[in-house]
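Remember, the numbering used here sits 18 above the position in the sequence shown when you count from 1.
Here's the structure, in structure tokens; my notes come after.
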Amino acid sequence: MSLTATSFDWVRELVRKESAIVLQPGKEYLVEARLLPIARQMGLADVGKLVETVRVRPDADSMRRIVEALTTNETSWFRDGDPFTALTSTVLPSLLTSRGANERLQIWSAACSSGQEPYTIAMLLDDALPNAASRVSITATDLSREMVQRTRAGKFSQLEVNRGLPAPMLVRHFQRTGNEWEVSSNLRRMVNASECNLAAPLPRMGPFDVVYLRNVLIYFDLPTKQSILRRVRDLMRPDGWLFLGAAETTLGVDDSWERVVIGRSSAYRPVKGA
């Protein structure tokens, strides 16, 4: 392994500073695997040489590529299932009752990776609502510039669509373009993708009726989790809904949320007056 303890500590500090993601000791092999393609693209012998080069002559693009390479972009269609069932069974009917007929629903898919989550939401709402493209706005954000570009493109390989996308939905909402599947114009009109670092001050967005912040808090320390949950709440409607990952909770982290059980899933709502 080419990565020295000093180089690993430098990478850990860079990632923590730029994204608040904590790389624990023992992740040296992960760093080696994720950064080796960057080293090769730059014509460098190994990851140790890459880190040495960027440490001596730091440049924003190389540091961004290092940080993005060490973020996790695991995703699939309808991942974990239940949070999407809850959207159509409970959350959407509640919002349609409480919102005006001409009021646009705003949904945020944070840490959207390559776009499967926001387009899953878009498909469900396109099937459930007449003229959904004019009634729903889905903001999709990610730290990675590459993932944001992929979400904007809305194109997926056969292998990617095979990961959880039901065949009837593939037929209704996609068209084949060469070796890829491209989302329909209706879905594309609903989804707007942009870069966003959850650990930094958030841009002016919302206010959101629903936020999907799933499988991302687990990578942060407690103070960062508390900060993110507080700033997310500030961008939500007072009666909004927050979905976290199956291994995540606000309990013991931020008591200004109440947990609501919906079937086999759960959501969190801002506590009034908190």
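Where a beta carbon is used, it is the ideal one built from N, C-alpha and C, also for glycine.
All values reported here derive from a predicted model rather than from experimental measurement.
Residue of the options minimising C-alpha distance to residue i
i	options	result
Leu-262	Lys-290, Met-165, Asp-100	Asp-100
Lys-173	Gln-193, Ala-185, Leu-161	Gln-193
Gln-134	Thr-106, Ala-171, Glu-121	Ala-171
Ala-185	Met-141, Val-85, Val-166	Met-141
Cys-130	Arg-251, Phe-26, Val-229	Val-229
Thr-169	Asp-257, Glu-198, Arg-206, Asn-197	Arg-206
Asn-180	Glu-36, Asp-77, Arg-97, Ala-119	Arg-97
Leu-240	Ile-156, Val-209, Asp-272, Phe-226	Asp-272
Leu-54	Gln-42, Leu-21, Met-254	Leu-21
Arg-30	Pro-256, Met-81, Leu-253, Arg-75	Met-81
Arg-117	Arg-255, Leu-62, Leu-260, Gln-167	Arg-255
Leu-253	Ser-127, Ala-23, Gln-59, Arg-163	Ser-127
Gly-295	Thr-71, Thr-24, Arg-52, Phe-102	The requested residue 295 is not part of the displayed model; the chain covers only 19 to 292.
Cβ shell of residue i (< 7 Å), same chain only, five flanking positions each side left out
i	result
Arg-249	Leu-220
Leu-183	Trp-95
Thr-93	Ser-131, Ser-132, Gln-134, Glu-135
Ala-57	Asp-64, Val-65, Lys-67, Leu-68
Val-201	Tyr-137, Gly-172, His-191, Phe-192
Arg-153	Arg-122, Leu-123, Leu-147
Thr-106	Leu-142, Ala-146
Leu-113	Leu-123, Asp-227
Arg-297	Nothing about residue 297 can be reported from this structure: the residues present for the chain run from 19 to 292 only.
Met-60	Leu-68
Residues of its chain near residue i, where Cβ-Cβ distance is below 8 Å and the 5 sequence neighbours each way are ignored
i	result
Arg-277	Thr-267, Thr-268, Leu-269, Ser-284, Ala-285, Tyr-286
Ile-236	Gly-263, Ala-265, Glu-266
Leu-161	Ser-37, Val-85, Glu-86, Thr-89, Ala-129, Glu-213, Cys-214, Asn-215, Leu-216
Gln-244	Val-271, Asp-272
Leu-188	Val-179, Trp-199
Thr-242	Ala-38, Ala-217
Asp-79	none
Arg-163	Arg-82, Glu-86, Glu-213
Residues that residue i bridges to, as DSSP identifies them
i	result
Pro-55	Answer is none; Pro-55 lacks a bridge partner.
Residue i - containing beta strand (DSSP E), residue span
i	result
Val-279	275–280
Ala-10	The chain is shown from 19 up to 292; residue 10 falls before or after that span and cannot be answered.
Residue i, enclosing alpha helix (DSSP H) - first and last residue
i	result
Ser-25	23–37
Neighbourhood of residue i by C-beta, 6 Å cutoff - its chain only, sequence neighbours within 5 removed
i	result
Ile-39	Val-33, Tyr-237
Asp-144	Ala-150, Asn-204
Asn-233	Gly-263
Asn-210	Thr-157
Ile-2	Shown here, the chain extends from 19 to 292; a query on residue 2 therefore has no answer.
Asn-120	none
Leu-41	Arg-30, Val-33
Thr-108	Ile-280
Met-208	Ala-140, Ala-151, Val-154, Ile-156
Proximity test, Cβ basis, 8 Å: residue i and chain C
i	result
Ser-162	Although the question refers to chain C, the structure presented lacks it and comprises just one protein chain.
Next item on the list: Kindly provide the ranges of any alpha helix (DSSP H) runs that are 4 or more residues long and lie completely inside the region 124–165, ordered along the chain.
Entry: Listed in chain order, they are 134–146, 150–153.
Notebook entry, point to check: Which runs of the beta strand (DSSP E) fall wholly inside the region 197–265 and span at least 3 residues, in chain order?
Noted result: If only complete runs of 3 or more residues are kept, the region 197–265 shows the beta strand (DSSP E) at 198–201, 209–213, 226–231, 254–262, in order along the chain.
Item checked: 4 or more residues per run - each alpha helix (DSSP H) lying fully within the region 71–121 -> Entirely contained in the region 71–121, the alpha helix (DSSP H) runs reaching 4 residues are, in chain order, 78–87, 100–104, 110–116.
Next item on the list: Scan the region 171–196 and note each continuous beta strand (DSSP E) run of 3 residues or more that stays entirely inside, going in chain order.
Entry: Runs found: 173–175, 192–195.
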